[in-house]
Structure formats: structure tokens, C-alpha cells
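Heads up, our numbering is the position in the sequence shown plus 162, with the first residue counted as 1.
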Amino acid sequence: MAATLVGLGVLIAGYSAWGKDSNTSDQKLANLYKIDQIEKTWHKAASRKNLNLMMSLWAPKATATIGGKTYTGKTAIRGLFAKSGPFQPQNHWESDTPAYKIRATVNGSKGTLYFECHYVDVDTGKVVTAVGADQEVRKINGRWLITNLTAATVTLKP
């Protein structure tokens with residue numbers, strides 16, 4: 163009976179802590195987890211050539227700067243991805259990020275996310291290209307979305 167009461171007390175205390183404002187460490191961890199899901203969804207979309215899933219990650223007025231050119235808005239960004247290597251039907255690529263190459267921050271409803279995309283040709287097992295994505299993210303209508311991306315140079319060494 164005593165163990166049950168202690169367990170119930172811990173559960174109630176935990177529930178109370180969860181209900182605090184967005185500055186709590188629990189909320190920060192929850193937001194970091196949701197920001198990290200952007201990377202996971204990105205790679206799922208690229209590996210499956212699913213443009214709709216990729217575009218679900220972007221804010222309506224987002225920007226993407228790649229190769230010195232800036233694309234503004236989801237329509238322009240969609241066009242960019244439609245022409246990119248991972249989304250080409252002849253390429254049989256899987257997209258992955260080594261865990262140690264992911265960094266995320268959060269401050270209220272804004273954050274940052276960096277990860278690298280290592281595209282591996284399934285047929286040869288070789289990395290065919292690697293791209294870094296340095297991003298600003300924001301919580302909009304309850305969802306974390308990319309608001310700005312700048313391509314970054316990567317190295318394939320640890």
C-alpha cells in the first residue's frame with residue numbers, strides 16, 4: 163500500500179510539472195523532439211520520392227538558399243526539389259544522416275536545425291552526394307516548420 167501511494171505521488175508530481183509554461187525543461191525537450199522529427203520526415207520523403215511529404219515540412223513563406231540562389235515560397239521550393247537528384251525516378255537513393263551530424267536548438271517558438279543528407283545509391287552502396295541543411299524553424303499553428311534553409315558544405319569524415 164505504501165509503495166502504491168509513493169508511486170501515485172510521483173505520478174501526480176510529474177503531471178504537475180508537465181503542465182507548467184513553455185519554458186520548462188520538459189517542454190523544451192518535447193519541442194526539440196518535434197524539431198528533430200523534421201530531419202526524420204525529410205529523409206523519409208527524399209528516400210520515397212514523396213514531394214508532398216517534403217513540402218509538409220515548410221512554412222508557406224519559407225526560403226531556401228542553395229547554390230547561391232534563393233527560392234521563396236512553397237511553390238518555388240517544390241520546383242527546386244522536383245528537379246533535385248533524390249526525387250529523380252532513375253535514382254534509387256536512400257537518404258540518411260549520421261546522428262552525430264544533427265544539431266537542434268529551441269527558444270520559445272523559434273529554433274534551429276542542422277543536419278546532413280548523405281544520399282546512398284542502393285544498387286552500389288556508395289554515397290553519391292552529401293548536402294548540409296542549416297535551417298531556421300518556427301512553431302506555426304502548433305507545428306514545427308522550416309522557415310529558412312541555407313545549404314551548407316559537408317565532409318564525409320567524422
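No residue lacks a Cβ here, since even glycine has one placed at the ideal position from N, Cα and C.
Asked, Found
"Would residue 293 and residue 278 qualify as a contact pair, given that the criterion is a beta-carbon distance under 8 Å?", "yes"
"Please report the straight-line C-alpha distance between residue 284 and residue 264, rounded to a whole angstrom.", "23 Å"
"For residue 214, which option in 186, 202, 243 and 316 has the closest C-alpha, if you only look at C-alpha atoms?", "243"
"Out of curiosity, what's the CA-to-CA distance linking residue 194 and residue 268?", "6 Å"
"Tell whether a beta-carbon distance below 8 Å holds between residue 306 and residue 299.", "yes"
"Among the candidates 235, 211, 275 and 217, whose CA atom is the shortest distance from the CA of residue 255?", "211"
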